[in-house]
Every structure is written in C-alpha cells, then in structure tokens.
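With full-length UniProt numbering applied, the sequence shown corresponds to residues 1 to 371, in that order. Here the structure is laid out as structure tokens; the discussion comes afterwards.
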Amino acid sequence: MSLPELPTVVDNKITVKAITYQNYSTPPKLTTIQYDVPSSTTLIGPDEVLVKNKAVSINPVDIILASFALKVFKGSSDKVMGGDFSGIVAQVGSNITDFKIGDRVVGNCLKIFGVKAAFQDFVIVDAKKDNLLSKVPEGMSFVEAAALPIASGTAFQLITEHRNLKGSNVLIFGAGSSVGSYGIQFAKHYYGAKNVVVTCSPRSSQRSLDYGADKVVDYTKGNSNELKEILQIVKEIGKFDLVLDTVRDTSILNNLSDVLKTRKEGGIYAQVGGLATCNYENPSMFQTIPTLKTLSEMFKSMIGLSKFDVHTASLNSSTNKAWEKAVAQLWSEGKFKIPLASKVFKFETEYTEAIQTVAKSSGGGKVVMEL
Numbered sequence: 001m002s003l004p005e006l007p008t009v010v011d012n013k014i015t016v017k018a019i020t021y022q023n024y025s026t027p028p029k030l031t032t033i034q035y036d037v038p039s040s041t042t043l044i045g046p047d048e049v050l051v052k053n054k055a056v057s058i059n060p061v062d063i064i065l066a067s068f069a070l071k072v073f074k075g076s077s078d079k080v081m082g083g084d085f086s087g088i089v090a091q092v093g094s095n096i097t098d099f100k101i102g103d104r105v106v107g108n109c110l111k112i113f114g115v116k117a118a119f120q121d122f123v124i125v126d127a128k129k130d131n132l133l134s135k136v137p138e139g140m141s142f143v144e145a146a147a148l149p150i151a152s153g154t155a156f157q158l159i160t161e162h163r164n165l166k167g168s169n170v171l172i173f174g175a176g177s178s179v180g181s182y183g184i185q186f187a188k189h190y191y192g193a194k195n196v197v198v199t200c201s202p203r204s205s206q207r208s209l210d211y212g213a214d215k216v217v218d219y220t221k222g223n224s225n226e227l228k229e230i231l232q233i234v235k236e237i238g239k240f241d242l243v244l245d246t247v248r249d250t251s252i253l254n255n256l257s258d259v260l261k262t263r264k265e266g267g268i269y270a271q272v273g274g275l276a277t278c279n280y281e282n283p284s285m286f287q288t289i290p291t292l293k294t295l296s297e298m299f300k301s302m303i304g305l306s307k308f309d310v311h312t313a314s315l316n317s318s319t320n321k322a323w324e325k326a327v328a329q330l331w332s333e334g335k336f337k338i339p340l341a342s343k344v345f346k347f348e349t350e351y352t353e354a355i356q357t358v359a360k361s362s363g364g365g366k367v368v369m370e371l
C-alpha cells in the first residue's frame with residue numbers, strides 16, 4: 001500500500017475537497033475549503049492526526065444537523081457534513097504515539113456546525129477530543145470500516161449498559177436498521193445472549209437470522225399482533241433481560257411489566273432517542289426529542305419511582321476501547337457482518353443521491369461513499 005501524498009501548502013494553507021452546507025435552506029454541495037497549517041511540512045497540531053479519506057458513511061444525524069443550522073444563528077459559512085470515515089494516516093502530531101503514517105484507520109469526528117468533520121478528502125482528527133479513532137481490523141475494506149463507527153458504536157454502548165448478557169434474553173426492535181443489525185451480533189456472538197428476539201419487516205428477516213437472531217417478529221402486521229407474538233415468546237423463554245429499541249416503538253413502554261425484568265432483576269430498556277415517525281427528508285427539531293411517554297418513564301426511572309431501568313442512547317468515547325476489542329475479535333472469528341446498502345456511491349459525483357437514499361430510508365443498509 002502506497003503512502004498518501006500530502007496536500008500542497010500555499011501561503012501556509014492547505015485546500016481540500018469537502019461536502020458542505022451553509023444552513024438549513026442550502027443543499028449540500030461539493031466545494032473546497034482551506035485550513036491554516038503550522039508550516040509547509042507540519043500540517044497539523046501536536047495532538048492531531050491527518051487522514052487521507054478512502055470512504056465515508058452517511059447517518060441520519062448528518063442530515064438532521066444540517067437541517068438545524070438556522071441562518072440567523074449560523075450564517076452562511078461553509079460547514080462540513082459527516083462523522084464516519086476510514087482512510088490512511090498521512091501525518092501524525094508530535095504527541096501521537098498510537099498511530100503512524102500508513103496506518104489504516106476508522107473514526108468518528110462528527111461536528112456540530114464545524115469544519116473538521118468527515119466528508120472531505122483529508123480529515124484532521126483531534127485524537128484527544130474526537131469521538132473515535134481506531135485501526136481497521138486486518139482484512140476489512142475501507143468501505144466496510146466506514147460503515148462502523150456511529151451505528152455500531154451506538155448499538156455496542158446500549159448493549160454494554162447491561163453488564164451481564166451471557167445466557168440472557170434480548171429483544172431488539174428494528175433489527176433491519178444498522179443499529180439493530182449490529183446489536184444482534186454484539187448481543188449474540190460477543191456477549192453470549194441465549195435468545196435474541198427481533199422485530200423487523202419481511203425484507204430484513206433472513207438477514208437478521210443470518211446475523212444471529214433466534215426468533216423474528218414481523219412488525220408490519222400491526223402493533224397488536226407484534227405484542228401478541230412477543231408475549232407468546234415470553235411464555236416460552238421468560239422475560240427479557242434487555243430490550244433494545246432502535247426504532248422508538250413507544251407502544252412497548254405500556255407493557256414493560258409483561259415483557260421486561262425489573263431493575264432489581266437486572267432488566268434494562270434502552271432506546272435510541274427521537275420519534276419513530278421522524279421524516280429525514282424534512283426533519284424538525286421536535287422529531288429528535290423522545291416522546292413524552294419515553295421522557296416520563298426515563299424521569300421516573302432516574303428518581304427511583306419506576307421498577308424498570310429506562311434510558312436512551314448517548315454516544316460517547318467511554319466504550320471505545322471495548323468496542324474496538326469486540327469488533328476486532330468478532331471480525332477475526334468470522335462472526336461480524338457489515339450491513340451495507342446494495343450500492344456504494346462515488347464521493348464527488350453521487351453524494352446528492354447518497355444523501356437522498358439515507359433521507360428516504362431506502363438504502364437497505366449502511367450508505368457509504370468511496371473516495
């Protein structure tokens with residue numbers, strides 16, 4: 001593998017290609033942005049890593065953040081989209097010891113209305129402040145690696161909240177989502193859950209079984225039928241130790257006593273925040289806020305008025321090392337599959353189509369753009 005060439009320095013600046021937006025009313029565009037650099041040979045700070053991107057993946061949060069950039073507050077300056085990336089280390093800062101030039105890396109550098117985000121041909125990563133920077137497992141492609149950070153990190157963190165899943169029962173709502181797909185694999189193959197029950201559409205049922213699910217419930221038959229099937233499964237295997245809700249199915253909150261073990265018994269209900277009806281083609285701030293029912297259950301759980309442990313996802317760096325170990329182990333054992341969309345898009349010419357695919361939830365897997 002050849003080492004990446006560094007960007008050319010002109011007047012102590014480097015120029016990179018990036019997918020940017022200005023505010024909620026401007027569509028994403030491919031443009032160039034400039035960064036000031038310390039010198040003609042040192043392009044980054046002592047705690048930073050310069051990565052030549054090879055692939056980036058799109059998450060709904062990327063679209064949501066762009067839609068929240070109100071012109072009155074955020075003006076018309078270019079802001080770079082994206083969090084997930086993979087590529088080759090092109091330069092390391094003087095304080096960096098964990099990475100070297102030529103390393104294949106994957107990371108998440110999501111920025112709220114910032115410029116040092118993922119969707120550019122070179123990304124500057126702050127190794128101390130950014131959410132994730134890790135080496136790509138041997139044999140994993142850049143496209144596969146780029147599909148990992150936010151979705152699999154969210155699934156891993158939610159599942160890791162339950163400290164002991166070996167021999168347990170796990171219920172995952174929304175197994176067809178990327179978070180759900182990764183959740184199945186972590187719960188079954190890494191933490192050793194005995195029974196992994198999932199809800200999904202018929203389109204995703206076989207993939208869910210291939211990833212490790214033991215039983216599949218078709219949610220398209222309606223909430224009442226979904227609940228009926230879940231309650232029948234509870235009669236067969238017992239209540240669940242963990243309910244992982246990736247699609248914000250609030251109907252289950254009314255039936256936790258019939259489905260989930262109590263807090264004293266070690267039961268946890270973990271939900272990805274927001275509304276199940278979120279329209280990513282035209283998102284609003286209110287669609288990202290958990291429902292009143294969810295907030296009520298969370299509040300009661302926090303102050304000890306609920307017999308259940310209820311919380312939502314909050315992706316942070318606290319589980320990065322454990323996540324890295326889990327992914328590397330499952331990948332080396334051949335037990336980890338990446339739920340990619342049927343098409344890999346070209347970064348410079350197909351970014352609009354790629355973003356729309358995520359907005360319409362029509363990708364059937366993680367949408368990745370290759371550089």
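The C-beta atom is built at its ideal place from N, Cα and C for all residues, glycine as well.
{"query": "So is Ala145 buried or exposed if we call it buried at 16+ other beta carbons inside 10 Å?", "result": "buried"}
{"query": "Name the two residues that bound the continuous beta strand (DSSP E) containing Thr312.", "result": "Asp309 to Thr312"}
{"query": "Cβ of Val123 within 7 Å of Cβ of Val10?", "result": "no"}
{"query": "Does the region 171-185 touch the region 349-359, meaning 3 or more C-beta pairs lie closer than 8 Å?", "result": "no"}
{"query": "Taking 6 Å as the line, does the beta carbon of Tyr191 fall inside it for any heavy atom of the ligand COA?", "result": "This structure lacks the ligand COA, and indeed carries no ligand of any kind."}
{"query": "Given Leu260, which residues of its chain have a CB within under 7 Å of its CB, disregarding the five upstream and five downstream residues?", "result": "Lys239, Phe240, Val243, Gly267, Tyr269 and Phe308"}
{"query": "DSSP beta-bridge partners for Ala18?", "result": "Thr31 and Gln120"}
{"query": "In whole angstroms, what separates the C-alpha of Ser177 from that of Thr220?", "result": "15 Å"}
{"query": "For Ile33 versus Asp78, is the C-beta distance shorter than 7 Å?", "result": "yes"}
{"query": "Bridge partners of Asn108, per DSSP?", "result": "Asp84 and Leu132"}
{"query": "Quick check on the DSSP output: what are the complete alpha helix (DSSP H) runs of length 4 or more inside the region 142-210, in order along the chain?", "result": "142-146, 149-160 and 178-185"}
{"query": "How do the region 141-155 and the region 330-343 stand: do at least 3 beta-carbon pairs fall below 8 Å, yes or no?", "result": "yes"}
{"query": "Nearest to Tyr351 by CA position, among Val16, Thr8 and Pro28, is which residue?", "result": "Pro28"}
{"query": "Since Glu48 sits in a beta bridge, which residues does DSSP pair it with?", "result": "Asp126"}
{"query": "Where does Lys346 sit, in a helix, a strand or coil, going by DSSP?", "result": "strand"}
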